[in-house]
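Novice:
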Amino acid sequence: MIASPNGDAEKDAPDNLSLAGDGFDTVIKAKKAVEAKCPKVVSCVDILAIATRDVIVLAGGPSFHVELGRRDGLISKASRVAENLPEPNFNLSQLNSMFAKYNLTQTDMIALSGAHTVGFSHCSRFVNRLYSFSLSSPVELDLDPVYAQQLKQSCPKNVDPSIAINMDPVTISTSRM
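As structure tokens, this is what we get:
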């Protein structure tokens with residue numbers, strides 16, 4: 001996990017500020033433990049891939065083989081994050097184009113997007129979909145009305161931007177981890 005004393009590493013980008021610091025700490029600790037036994041063999045990205053698979057299993061999803069042997073990146077710049085992550089307001093064409101840049105199909109995109117419903121998000125990333133979506137409908141019409149109401153209770157208008165909520169409180173809770 002590349003860090004920067006200037007706060008300009010990839011993990012310091014605004015889009016990544018919701019990533020929990022203890023998650024980075026966990027990967028760093030795992031990397032140190034693995035390095036003690038197998039120096040320069042296992043990358044942080046392999047540790048993340050294995051951890052992701054294990055969280056999916058803990059959340060009730062399927063287990064799967066993780067192909068190992070990836071190398072960690074050597075460049076980490078906050079300025080490169082926004083151009084490489086889809087925004088919450090992207091339409092289907094924009095999403096397809098972004099994923100196609102990485103030779104990923106629409107099926108890949110759907111699987112990766114679904115995986116991002118587990119965890120949490122800051123209200124500020126989606127509150128516009130609850131209160132100011134369009135002139136004809138303040139709430140995005142594609143949102144389930146019951147879920148939209150639940151989100152409104154957790155994320156009122158003018159909510160503190162640091163407030164985050166579970167995106168799928170039914171499937172996953174920290175008590176299962």
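Sequence positions in the sequence shown follow the UniProt record's numbering and run 1 to 177. Ideal Cβ placement from N, Cα and C applies to all residues, glycine included. Remember, predicted model here, so these are calculated numbers, not experimental data.
From Val45, Leu92, Val127, Gly60, pick the residue whose C-alpha is nearest to that of Arg71; which is it?
Specialist: Cα-wise, what sits closest to Arg71 is Val45.
Novice: What are the boundary residues of the alpha helix (DSSP H) that Ala100 is part of?
Specialist: Ala100 -> alpha helix (DSSP H) spans 92-100.
Novice: Using 8 Å as the Cβ pair cut-off and three pairs as the minimum, do the region 122-132 and the region 154-161 touch?
Specialist: As far as the Cβ criterion goes, the region 122-132 touches the region 154-161, which means the pair count is three or higher.
Novice: Quickly, what does DSSP pair Asn16 with across the bridge? List them, please.
Specialist: For Asn16, which the question treats as bridged, DSSP gives no partner whatsoever.
Novice: In three-state DSSP terms, what is Ser124?
Specialist: Three-state result, Ser124: helix.
Novice: Return the CA-CA distance between Glu35 and Arg53, expressed in angstroms with no decimal places.
Specialist: Between Glu35 and Arg53, the C-alpha separation is close to 21 Å.
Novice: What did DSSP end up calling Ile165 once you bin it into helix, strand or coil?
Specialist: Residue state, collapsed to three classes: strand.
Novice: Is Leu58 near the ligand SAH, judged by its Cβ being under 7 Å from some heavy atom?
Specialist: By its list of ligands, the structure shown contains no ligand whatsoever, and the ligand SAH lies outside what it can speak to.
Novice: Given that a residue counts as buried once 16 or more other Cβ atoms are within 10 Å of its Cβ, and exposed if not, what is Val41?
Specialist: The residue is exposed, with fewer than 16 neighbouring Cβ atoms inside 10 Å.
Novice: Taking the alpha-carbon positions, what's the Lys101 to Glu67 distance?
Specialist: Lys101 and Glu67: Cα-Cα distance of roughly 22 Å.
Novice: Does the region 69-87 come close enough to the region 13-33 that 3 or more CB-CB pairs lie under 8 Å?
Specialist: Touching, yes, given that three or more Cβ pairs across the two stretches are closer than 8 Å.
Novice: From residue 194 to Asn128, what does the alpha carbon distance come to, in whole angstroms?
Specialist: In the structure as shown, the chain begins at 1 and stops at 177. Residue 194 is therefore absent and cannot be evaluated.
Novice: When you compare each of Tyr131, Leu135, Asn158 to Pro145 by their alpha carbons, which one comes out closest?
Specialist: If we check each option's Cα against that of Pro145, Tyr131 comes out closest.
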